[in-house]
Each structure stands twice: as C-alpha cells, then as structure tokens.
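See below for the structure under consideration.
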Amino acid sequence: MKMMVLNFLFFVCISLLSSCEKEELSFTSGDIEVAIAAGESWLHDYPLFLGLTKKNPPQYAVWLEDTSGNYLSTVFVTYKIATEGWQANKGNRRPEALPHWCHQRGIVYDDGLMLPTKENPVTDAITGATPKGNTTIQITPVNLNKPFVVKAEFNQSVDFNDFYPKSAREEDNNYSGGDEGSGQPAVIYAVTVYPETNETELKLIGHSSPEGTDGNIYENTEGLTTAKSIVKSIMLTVK
Amino acid sequence: MTKSLFVLVFLLSLAGGVKAQNNNQLSLQFSFNQVELAYQHKLLSPKVWVEAFVGKGNQDINNSLDDFLGGVRIGYDAFSNKKNTLGISTSFGIYVPHNDYYTATTPVIGAGIRYTRFIGKSGKHCLFVNAGFQYGERNYKQQYSSEIVNLATIGTFKIAPLYSSIGYGFRF
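Protein sequence lines correspond, in order, to chains A and B. Plus 789 on top of the position in the first sequence (first one is 1) and you've got my numbering. Plus 15 on top of the position in the second sequence (first one is 1) and you've got my numbering.
Right, here's the structure in full:
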C-alpha cells in the first residue's frame, strides 16, 4: 500500500515538473509588437451582492483597418464579448460594450445586433481572457500593405460618473444600458503604421456610442473620467 | 487522463480496504468552483494521513465545471478527540483547464486547515470543512494565422488563491 502511495506521489511530481515550461513570444524582423500597459482603472469594482464587489478587467478588442477605415482583421478580442460569455446578464447582449469594433467588423447576427453569439463566436482572431495587467500581442504581417491602422477599443462595465450616471433614462444621450450598463462609453485608440514607422503610440481618438446604437467615434471626451485611465499606454514597435 | 486517475483512486481505495478499521477514508468535497473525490490513508502514525484527490473545477475562461484537477495532500491531525479533529495539511497537484482557447496544465501547491466532525457511534461517517491558501499560475501561448497576419500573445491562467470547501467522508 505504501508503495502505491509513493508511486502516486512520484507521478504527481513528474506531472508538476513537466508542466513548468516557460512560454515566450519570439519576434523576428518585421514583426509588430503591441504592448498594452494597464492604467489605474484597468480593474474596476463590479457589484455582486450584499455590497460585495469583484475587481473586473475591461473588455477590449484590437484590430486592423486600412487607411480608408475599412476593417481588415481582428487581432485580439476578449472572451466575453467574443462568445457572449457574460454571466447573469439576464439576456442583455451588451451592445454598449465595444460598439465601434462591432460596427467596423460589420457582421450582423440573427437578432439584428452586431455582437457575436454563443452559437457563432469570433473564430478569426485570438480570443482570450482579459489579462489582469500588462499584455503584449505579436503581429506578423503576411499580406498586409503599409500604411494600415491599428485600433483598440476598451470598456469597463458600470463605471458610471456624473456625466454618464446610472440614473440616465433611455431617451437621454448619456444612457449607457441601464443599471448594469456601460457607464462611461468605450474608449477608442488608434495609430497609423507607415512603412518608415519604428515605434509609435496609439492615441485616444474618442469614445463610442454610450448605448451602442451606432459605430461612430465621438471625439469629445470631456465627460470621461476613469475611462481615460483604463489604459496607461499602448506602444507599437516594428521589430 | 481523467479516467485513469479516477481508476487509480478507486484501486487505492480497494487496496486500502483490507487494512485496519478507520485507517482509510473516501470523501466527496464541494466548494463554489470545485468538486473533489478523495481517498485518504493513515500513514506512519494515526495522526498523519495522505490523501489522493481528483476532481472537476470551474476556474478557466469558459465558466464550466469541466476542468480536471488532481493531486495529493499530506495532513497532520493536531488536535483530536472522539468526535472532532482539527488538522493541518499541505497539498501538491495539477490543475488542467479545459476549453477551446488554450491549454495550461498548472502546478498547484497549497496549505490549509481541516475541521472534521465524526457522526454516529461507530465514527464511520464524518463531515468536514477545509479552508486554506493555494497557488497555481501558468503562462500559455495563443496563436492565430490568417491570410493577412499571424498573431500570437501570452496569457496567464491563475487559480483562485483562497479556497474553502465542505465534505462528507466514509471511514473504513
């Protein structure tokens, strides 16, 4: 019996050792590194029950467009919006989450919304859990002519402020989906990558529709507070 | 792999069945994100035990109770009387997330306390409560290729550091 226990312990040790390989990105010349640095508001208190909260990271997407604004390819999109993986959302598909990405992508689903569904999730990009902090994405162009545009859209749920309050009504311009809605709208960053670009930074170019009813970029960001610090910086480096 | 470990625990339990009474325990444990089946055997002294466990978890991206976990705990019953036991334990194991997006077999270590309350005159049945800390973190690589670009990124899978569970045990 003791031998069996020792054998089992040995098996567990081997399993532990064999699962400790380190994963790294290896860049070659021409590869593009997109380094997203988390800002002060990367994690936001999401209310659970009895006053308890959970630190939630944002939903976001990174994608490529040509310089005419035509969508080319999604690079990364977070799991919940890519798969309709929301929990306890009471049927709310959350069109206010990342409306600019949804509209640029341009795929209309059965219910008329441009949001991926459980049945038809995003399959043409990396879908992953939202990192709890800084993250890096490697883009290796294959048939991608410069110049092109890299865009990123970030949103925190329920980050209400005075300009986008929880109490806003559906007919108001600052309505963002109700009690469990977006609060401040999604923020959009972009940069154009030219043939001569070595290193550059994605800049805040505006925010999305608070309610997610259109895919426009609203350049006036005066009503945004913590949404501006979801991201500290997004650096793009051509290797 | 899941099946073979369940079989291993079953065989261990059969092998232990021929030993002295109450040296062995089969138990079922529940926490808010895990279910475990465990076989415990007293080793070296009546106060020291080793427990092999396998189970299902729900800690990865897809929010389904379909991850695999397994490992061993070594425990010491620090205080005990006929009806109650309070012990400490340390654990070593693996956690294998199961989803369509990444693989990240993650080593896990932990330490905790266990309070056990024996039921009935024979003490063959017991209820217990576990609480403790565990650490398991693993980076994984995700890749995607299309006609336009090849993409890669590194993600991190981390198990919840604090755990608590309740369980039922049958001693033999």
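Ideal Cβ placement from N, Cα and C applies to all residues, glycine included. It should be emphasised that the depicted structure is a prediction, and the values quoted were computed from it without experimental measurement.
For T912 of chain A, no beta strand (DSSP E) run applies, since DSSP gives it neither H nor E.
V982 of chain A is bridged by DSSP to A:F937. Residue state for A957 of chain A is assigned as coil, using DSSP reduced to three classes. At least 8 Å separates the beta-carbon of Q55 of chain B from that of I174 of chain B.
Here the alpha carbons of I128 of chain B and G147 of chain B stand approximately 6 Å from one another.
Closest option to L166 of chain B, judged by alpha-carbon separation, among A:Y964, A:Y953, A:V851 and A:S1018: A:V851.
DSSP, read as helix, strand or coil, puts R883 of chain A in coil. Three or more beta-carbon pairs drawn from the region 69 to 87 of chain B and the region 42 to 59 of chain B are found closer than 8 Å, and the two stretches are therefore classed as touching. In summary, N145 of chain B is buried, with 16 or more beta-carbon neighbours lying within 10 Å of its beta-carbon over all protein chains present.
Interface with chain A (8 Å Cβ-Cβ cutoff): K156 of chain B is included. In its chain, beyond the 5 residues on either side, K62, T100 and G102 have a beta carbon closer than 6 Å to the beta carbon of D92 of chain B.
Taking the C-beta atoms as reference points, Y978 of chain A is found nearer than 8 Å to V1020 of chain A.
Counting the other Cβ atoms within 10 Å of the Cβ of E1000 of chain A gives 16 or more, which makes it buried. I169 of chain B is not a Cβ neighbour of T863 of chain A, given a cutoff of 8 Å. Around S815 of chain A, the same chain offers no residue with a beta carbon nearer than 8 Å, after the five sequence neighbours per side are excluded. Within the region 913 to 926 of chain A, contact with chain B at the beta-carbon level (separation under 7 Å) is assigned to D913, A914, I915, T916, G917, A918, P920, T924, T925 and I926. Not a single C-beta of chain B is nearer than 8 Å to the C-beta of Q848 of chain A.
If you compare the alpha carbons of A:D951, A:D968, A:S1022 and A:K940 with that of N859 of chain A, the shortest gap goes to A:K940. R153, N154, Y155, K156, Q157, Q158, Y159, S160, S161, E162, I163, V164, N165, L166, A167, T168, I169, G170 and T171: these are the residues of the region 137 to 171 of chain B whose beta carbon lies less than 9 Å from some beta carbon of chain A, given in chain order. In this model, G970 of chain A and V866 of chain A are separated by some 19 Å (Cα to Cα). For N77 of chain B and T989 of chain A, the gap between their C-alpha atoms comes out near 35 Å. Neighbours of I928 of chain A across chain B, judged by C-beta separation under 9 Å: V164, N165, L166 and A167.
When B:Q158, B:L43 and B:F68 are compared, the shortest CA-CA separation from I109 of chain B is found for B:F68. Listed in chain order, the non-local C-beta contacts of L991 of chain A below 7 Å within the same chain comprise V939, A941, Y978, A979, V980, I1023 and L1025, local neighbours out to five positions each way being set aside. Cβ contact annotation for L933 of chain A (same chain, cutoff 8 Å, sequence separation greater than five): L853 and L861, in chain order.
Listed in chain order, the non-local C-beta contacts of P176 of chain B below 8 Å within the same chain comprise F148, Q149 and Y150, local neighbours out to five positions each way being set aside. Take the alpha-carbon of G966 of chain A and the one of E908 of chain A: they are about 23 Å apart.
Between K1028 of chain A and V982 of chain A, the CB-CB gap reaches or exceeds 8 Å. Our two residues, D115 of chain B and A824 of chain A, have alpha carbons roughly 25 Å apart in a direct line.
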